[in-house]
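Undergrad: Sharing a structure here in structure tokens format.
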Amino acid sequence: SSGINAESLMFKHDLARVVQLLLRLGKSEDNNFIVQELLPHVCELSKAKYGKFTVNCMLKNTSPKQRKLIFKALKGQFKKLTLHAEAVTVIDTMYNDYATSKERTEMITEFYGKELYLYRDLLSEHFTKVIELYPDKKEKVLEELLNHTQVFIEKGLTGHIIVQHLMLQYFLHGTEETIQELVSEKLIEQIVKFVHTKEGSKIAMRCLWYSKAKERKLIIRTFKGHVKDMCMNENGYLVLCALFDCVDDTVLLKKAILSEIMESIDTITMSHCGRLLLNYILAPRSTKLFPPSIIDFLKIGDTNSVSKKDPEARRKELLTYASPGIIDNFKDNVESMLMENTRTLLLTSAVTHANCDITDLLTAIVDLLASDLSLVDTTTMHILMRSVQQNKDHQKQFNDIVTSKIPLDDITNWAKTNRGAFSVLRLIEQKTTDKHDELVSSLKQSDVSSFEQCAGRDKLLEFLNTC
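Take any residue in the sequence shown, count from 1 to its spot, add 4: that is its number in the working numbering.
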């Protein structure tokens, strides 16, 4: 072979596609030949419109040994290439998909300046390690990171993982004032591109926490049409949680965010992250619903100097706006929500925390019970009934609906199973149900002691003996 014309690969789309096809379909010795031919030109190829695809194809279709050769060929150029509009895709692919931990550190430390690059073997890709080992270098490196972040924003490169990692190092350690200055219209229009990644979402949250009210409104507007996807993404839903925590204009949140959530609530409740988001609206920071790691992370935003409204007032306003839509949807979907434990927990959360009239939802639950009395013995209905019957605000109303819609003889028969017996006990132990005396009389006449022995029956008998 007479070799490959690298210049043609950079500028001719057809030839670049042919080489990419050879890399995908060729044998290892063919790929090795192509890599050896192109290695001296890999830096320039990465910066070319078509050449970058060839380099990415080389990374994907060659051996780890050949990738190390490509890495070596680009060494010392990572910063320059990451700041290049075309080459950044190559560097991002290498960083995200193929680089080892040590190689990732080497790529990142190029951005920390020549002095620290000499000590790259002692560092990690996280800036905290730099502060730990070289605290005197913190301000100088932060200045470098700020300069790079400004270029990333200006060039619109924020959608790349390596760029988000570098930006986050600044957002984690920069001052609230400088972060406020970074949240320009140029960055705001790019935020929606990175809310779905782990590090990108952390940047987005800090943009919300530390930006001024005007910028927060602009950020919210860019989320238009993306709210449903954010709700169902493991990182995006946290950005919305942070939004609910810090934006004082709850009327704007109702119009711009909650309205989109309600439009797609059926789809959102089918998603694990969507259910977490709805739970956060209903019971924010609940230790029963969220792990300490999530709660502690969201608390970081509580110290921002921009939000002025009392947090509890803000949460109550949001809950008041969201509750009618949530209850209206859930009352039509009780049966399907009881098919899965986490959806049942969301339903109990709505019953417990919704700030509106939930009569229609309670009625729908009882109507479902009346249509199939055996449901009282299922795990999910048991969880739901226990939650409602132990809720001081709703227990009498719910129990009255049960005794008004289901014959007392059928309720008495529930006592023949363990879970059913506990449900019956909760119907009568508060002594507030309208038909309390009638139900107790029915139970005594049925000789509950003759029912199969179980914990629920024993507790019920114990109570009946006091009546």
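Where a beta carbon is used, it is the ideal one built from N, C-alpha and C, also for glycine.
Alpha carbons only, please: which of Leu443, Asn395, Thr307 is nearest the one belonging to Asp249?
TA: Out of Leu443, Asn395, Thr307, Thr307 has the C-alpha closest to the C-alpha of Asp249.
Undergrad: Take Arg21 as the anchor and find which of Gln40, Glu41, Cys47, Met62 has the nearest alpha-carbon.
TA: The shortest C-alpha separation from Arg21 is found at Met62.
Undergrad: Count the other C-beta atoms from every protein chain shown that fall within 10 angstroms of the C-beta of Asn403, then say buried if there are 16 or more, exposed otherwise.
TA: Buried.
Undergrad: Over what stretch of residues does the alpha helix (DSSP H) that includes Thr179 continue unbroken?
TA: Thr179 -> no alpha helix (DSSP H), and no H or E assigned at all.
Undergrad: State yes or no: is the C-beta of Leu293 within less than 8 Å of the C-beta of Ser353?
TA: Yes. Within cutoff.
Undergrad: Under the assumption that Leu286 contacts Leu323 (Cβ atoms under 8 Å), give the Cβ distance between them as a whole number of angstroms.
TA: Going by Cβ atoms, the distance from Leu286 to Leu323 rounds to 7 Å, so yes, they are a contact pair.
Undergrad: Measure the CB-CB distance between Thr348 and Thr384 and report whether it falls below 8 Å.
TA: Cβ distance < 8 Å, so Thr348 and Thr384 count as in contact.
Undergrad: Which stretch, first to last residue, makes up the alpha helix (DSSP H) that contains Ala20?
TA: 17 to 29 is the extent of the alpha helix (DSSP H) around Ala20.
Undergrad: Excluding the 5 residues preceding and the 5 following Leu87 in the sequence, name in chain order all residues of the same chain whose CB lies nearer than 6 Å to its CB.
TA: Counting only Cβ-Cβ distances below 6 Å, and skipping sequence neighbours, we find Val155.
Undergrad: DSSP state of Ser5, grouped into three classes?
TA: Caution is warranted here: a pLDDT of 41 is assigned to Ser5, below 50, making its placement in the model unreliable, and no coordinate value can be reported.
Undergrad: Is the stretch 265 to 285 touching the stretch 220 to 227, taking contact as three or more C-beta pairs under 8 Å?
TA: The stretch 265 to 285 vs the stretch 220 to 227: no contact.
Undergrad: Excluding the five sequence neighbours on either side, which residues of its own chain have a C-beta within less than 6 Å of the C-beta of Val167, listed in chain order?
TA: Phe156, Leu161, listed in sequence order.
Undergrad: Please confirm whether Gln480 and Tyr214 have their CB atoms less than 8 Å apart.
TA: Any property of residue 480 remains undetermined from this structure, which presents the chain solely from 5 to 471.
Undergrad: Alpha carbons only, please: which of Tyr116, Phe57, Tyr99 is nearest the one belonging to Glu90?
TA: The shortest Cα separation from Glu90 among Tyr116, Phe57, Tyr99 belongs to Phe57.
Undergrad: Measuring only the C-alpha atoms, how far is Ser5 from Lys232?
TA: Here Ser5 scores only 41 on pLDDT, less than 50, and its place in the model is too uncertain to base an answer on.
Undergrad: Please report the straight-line C-alpha distance between Leu373 and Val380, rounded to a whole angstrom.
TA: Rounded to whole angstroms, Leu373 to Val380 spans 7 Å at the Cα level.
Undergrad: Would you say the stretch 413 to 427 touches the stretch 386 to 402, given that touching needs at least three Cβ pairs under 8 Å?
TA: Flag = yes, the stretch 413 to 427 and the stretch 386 to 402 touch.
Undergrad: Mind checking Asp438: buried by the 16 CB within 10 Å criterion, or exposed?
TA: So Asp438 counts as exposed.
Undergrad: How far does the alpha helix (DSSP H) with Met2 in it reach, from first residue to last?
TA: Since the first and last residues shown for the chain are 5 and 471, residue 2 lies out of range.
Undergrad: Say whether the stretch 27 to 39 touches the stretch 70 to 81, bearing in mind that this needs 3 or more beta-carbon pairs closer than 8 Å, one atom from each stretch.
TA: Yes: the two stretches touch, three or more of their Cβ pairs being nearer than 8 Å.
Undergrad: Take Gly278 and list the residues in its own chain whose beta-carbon comes closer than 8 Å to its own, dropping the five residues that flank it on each side.
TA: The answer, listed in chain order, is Cys235, Met236, Tyr241, Thr271, Ile272.
Undergrad: Please classify Ile207: is it buried, with 16 or more other beta-carbons within 10 angstroms of its beta-carbon, or exposed?
TA: Buried.
Undergrad: Taking the alpha carbon of Gly117 as the reference point, which residue from Leu146, Glu107, Val92, Lys197 has its own alpha carbon closest?
TA: When each option's Cα is compared against that of Gly117, the closest is Leu146.
Undergrad: Looking only at its chain, what residues have a beta carbon closer than 8 Å to the beta carbon of Leu412, apart from the 5 residues adjacent to it on each side?
TA: Around Leu412: Lys439, Glu442, Leu443, Ser446.
Undergrad: With distance defined between alpha-carbon atoms, name the residue in Thr382, Ile330, Asn395, Leu43 nearest to Asp364.
TA: Minimum Cα distance to Asp364 is reached at Ile330.
Undergrad: Please report how far the alpha carbon of Ser453 lies from the alpha carbon of Asn333, in whole angstroms.
TA: Distance between the alpha carbons of Ser453 and Asn333: 42 Å.
Undergrad: Using the C-alpha atoms, what's the distance from Ala52 back to Tyr284?
TA: When rounded, the distance between both Cα atoms is 46 Å.
Undergrad: If I measure Cβ to Cβ from Val421 and keep anything under 6 Å in the same chain, skipping five residues before and after, which residues do I get?
TA: Per the sequence shown, the amino acid found at residue 421 is Thr instead of Val. Hits under 6 Å: Asp381.
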